[in-house]
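The opening position of the sequence shown corresponds to residue 47 in our numbering, with each subsequent residue numbered one higher.
The C-beta atom is built at its ideal place from N, Cα and C for all residues, glycine as well.
Note that the structure is predicted; figures quoted are calculated from it, not measured.
Below is one structure, written out as structure tokens, with a few remarks after it.
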Amino acid sequence: MTAPVVRALDASSAHLFDTLPDPLGFREKHRLTLHRPDWKRVALRAGRPVARAAWWGRLEDTEPLVINWFDVEEGEEEAGAELLRSAPWRTEELELDLPPGWRDVPGSRAAVATRTAAARLAGYALLAERFVYRWTPAHGLPERPGRLRFSPEPDDAVFHDALRRIHSRTLDAHALRAIAEGGVEQAAQEEMDIFRWMPSPREWWQVARTPEGALAGIHIPARNPAGPCVGFIGVLPEQRGHGYAFDLLAECTHHLAERGAEFIAAATDQGNTPMAAHFTRAGYPVVRERLNFWAG
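Right, here's the structure in full:
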């Protein structure tokens with residue numbers, strides 16, 4: 047068997063990316079996603095593509111943020127791994143966005159197993175399984191409970207301190223990974239870095255207070271390069287037990303809808319059942335399930 051050849055793509059070879067089968071529906075999922083041509087690569091065996099990957103980020107970024115398209119033919123796990131290992135960037139995160147209920151979809155289990163095996167050979171380990179949501183105006187705006195007072199907050203230190211407190215007790219796998227590596231300070235800083243990376247206005251960040259003036263939580267209505275999204279929802283530990291996460295999500299949804307959002311993307315860990323229930327109540331249907339892998 048000939049050894050695989052990994053190559054970046056350009057205008058003359060871009061068509062090679064679209065020649066692989068698409069059993070997990072990535073093409074439809076990324077129909078509106080803008081991928082830079084120089085951040086797409088394929089592995090060829092005897093001139094035929096057997097694996098492909100696309101890295102994603104802002105157009106102005108010098109390096110991508112995440113791998114969000116990764117396809118590997120069955121039996122070509124090593125070629126897929128080499129495709130990732132040989133990339134000029136070492137992206138920490140890899141995402142597989144899968145059909146809802148993919149474990150019960152014929153052929154999906156095997157397709158996911160192939161891609162997972164290739165990712166592991168390249169040094170990635172499964173971090174979390176997530177629900178991916180997409181709200182549209184057809185689902186209706188969630189009612190604002192009216193229990194909290196929302197306002198912008200110009201001081202980054204207020205958000206940073208709130209994030210430290212929120213992540214001191216968290217179900218979020220990304221935050222738990224950061225805490226294991228560098229404590230709640232690292233978890234808070236990683237969130238702040240993502241907030242600043244998003245191209246949406248800083249003025250959109252909001253704090254939520256009780257009628258008595260106590261800080262209850264924060265929410266970050268945002269836009270990433272793909273469009274409007276729920277950037278973050280977090281309730282302080284001492285304010286939990288009142289369902290305030292729904293209040294934050296409702297306000298975040300209204301904020302984006304009032305600014306013309308035709309859809310709002312969101313995601314939460316499948317193990318975070320309280321937050322998943324709030325998304326359901328707020329009219330956010332699950333449109334994909336996501337496997338998040340992290341580089342070891």
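{"Check": "Beta carbon of F309 nearer than 7 Å to that of R180", "Outcome": "yes"}
{"Check": "Cβ contact check for the region 133-151 and the region 66-81: 3 or more pairs under 8 Å", "Outcome": "yes"}
{"Check": "Reduced DSSP category for V230 - H, G, I as helix; E, B as strand; rest coil", "Outcome": "helix"}
{"Check": "Boundaries (first-last residue) of the alpha helix (DSSP H) holding P319", "Outcome": "Here residue 319 turns out to be Thr, not Pro, going by the sequence shown. It spans T319 to R327 - the alpha helix (DSSP H) in which T319 sits, taken as one unbroken run."}
{"Check": "Nearest-angstrom Cβ-Cβ length linking E123 and A57, presumed shorter than 8 Å", "Outcome": "That pair is no contact at about 30 Å."}
{"Check": "Burial state of D201 (16 or more Cβ within 10 Å)", "Outcome": "exposed"}
{"Check": "Buried or exposed (CB count within 10 angstroms, at least 16 for buried), W135", "Outcome": "exposed"}
{"Check": "Alpha-carbon to alpha-carbon, A203 and E304", "Outcome": "27 Å"}
{"Check": "Reference A311; option with closest CA among L194, P183, V51 and A60", "Outcome": "P183"}
{"Check": "Of the listed residues P188, A89 and V151, nearest to L130 (C-alpha basis)", "Outcome": "A89"}
{"Check": "Continuous alpha helix (DSSP H) stretch holding R149: start and end", "Outcome": "Counting along the chain, R149 falls outside any alpha helix (DSSP H), and DSSP gives it neither H nor E."}
{"Check": "Contact between the region 230-240 and the region 327-336 (3+ Cβ pairs under 8 Å)", "Outcome": "no"}
{"Check": "Residue from A307, H61, A322 and A49 with nearest C-alpha to L187", "Outcome": "A307"}
{"Check": "Residues that DSSP places opposite C298 in a beta bridge", "Outcome": "Answer is none; C298 lacks a bridge partner."}
{"Check": "Contacts around H185, its chain only, beta-carbon distance under 8 Å, and the 5 residues preceding and following it disregarded", "Outcome": "G329, Y330 and P331"}
{"Check": "DSSP beta-bridge partners of R180", "Outcome": "A311"}
{"Check": "R98 burial status per 10 Å Cβ neighbour count (16 or more: buried)", "Outcome": "buried"}
{"Check": "Test item: CB-CB of V276 and A291 under 7 Å", "Outcome": "no"}
{"Check": "Residue burial classification, A156 (beta-carbon count within 10 angstroms, cutoff 16)", "Outcome": "exposed"}
{"Check": "Beta-carbon gap between W251 and I266 smaller than 7 Å", "Outcome": "yes"}
{"Check": "Top-ranked residue by Cα proximity to A92, from A49, F339 and R327", "Outcome": "A49"}
{"Check": "Assumed close pair R190, A296 - CB separation to whole angstroms, cut-off 8 Å", "Outcome": "5 Å"}
{"Check": "C-beta atoms of V158 and T137 nearer than 7 Å", "Outcome": "no"}
{"Check": "Runs of alpha helix (DSSP H) wholly within the region 55-81 (minimum 4 residues, chain order)", "Outcome": "72-75"}
{"Check": "Segment limits, alpha helix (DSSP H) that includes H288", "Outcome": "Run containing H288: none; DSSP gives neither H nor E here."}
{"Check": "The alpha helix (DSSP H) enclosing L217, as first and last residue numbers", "Outcome": "Taken as a continuous stretch (DSSP letters only), L217 belongs to no alpha helix (DSSP H), as it is neither H nor E."}
{"Check": "Per DSSP, cross-strand counterpart(s) of R195", "Outcome": "R255"}
{"Check": "Nearest residue (CA-CA) to R248, options A268, A254 and E227", "Outcome": "A268"}
{"Check": "Cα-Cα separation, P95 to L66", "Outcome": "7 Å"}
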